[in-house]
Amino acid sequence: MPAVPKITYYRAVLIRAYLKDEMASMDKATRTKINQYIYQKDNWVTDNEALTILGNSMPISVPDILIARMGKVLRYYKNLENCPATFQRRVSTVCVNYLYTALCIRKIDKYVSETMALIRTLPFDDRFGLKILITQYFEDMKNGDKKSMQQLKDVLRHAGLTKLANRLQNES
């Protein structure tokens, strides 16, 4: 069997754990290897593969490490609207994953407002519109605005994104 690139392997491990609802019970050795992969390059925050794994591994990250990583991402990409499109997409995905992890899993508030503000610097278009809507949902969740949360879920369902709307329903 040919060697599989590490990013493919770690993404598969994380996706499998997510689908089997085993993120919380992932063994320490695997978590350590994933963390080492993220930090394999000196400036991991500029590496697309490291950012991909960072976004996928947020639910298994220790809160202090998660907060430190997100702080570095926010500082580095403070002018995200001026970055290449590939990094805008990747970093905005990391941001949405951070909001989900911070608000729904870890119940932490650090960098939540800053993350929302960064996503809102991007254009509301076919690339980022859904992420901006999900960000609004998380802001409404944070503020306890259940009416607006329901309206956003209804919009998602009306647009045919029923699975996403149901997932948000289950997390709120």
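Numbering follows this note's numbering, with no gaps: position 36 of the sequence shown is 36.
Every residue, glycine too, gets a C-beta built ideally from N, C-alpha and C.
Judged by their CB atoms, K110 and I67 are nearer to each other than the 8 Å cut-off. Contact between the stretch 88-105 and the stretch 50-63 is present: 3 or more CB-CB pairs across the two stretches fall below 8 Å.
Close CB contacts of R11 within its chain, under the 8 Å cut and outside five residues either way in sequence, are with T52, I53, N56 (chain order). Taking C-alpha positions only, T86 is separated from A3 by approximately 26 Å. In this structure, V91 and Y100 do not form a Cβ contact; the two beta carbons are roughly 15 Å apart against a cut-off of 8 Å. Using a Cβ distance threshold of 8 Å, K142 and V96 do not count as a contacting pair. Around the C-beta of T135, 16 or more other C-beta atoms lie within 10 Å, and the residue is accordingly described as buried. About 4 Å separates the beta carbon of D140 from that of S148, a gap short enough to meet the 8 Å contact definition. For the pair N79 and Q88, the Cα-to-Cα distance works out to about 10 Å. DSSP places C83 in the coil class of the three-state scheme, outside both helix and strand. A check of alpha carbon separations from A159 across G129, D145, G144 identifies G129 as the nearest. Under the DSSP assignment, P59 falls outside any alpha helix (DSSP H); it carries neither an H nor an E label.
Contact annotation: V13 and T30 have beta-carbon atoms nearer than 8 Å.
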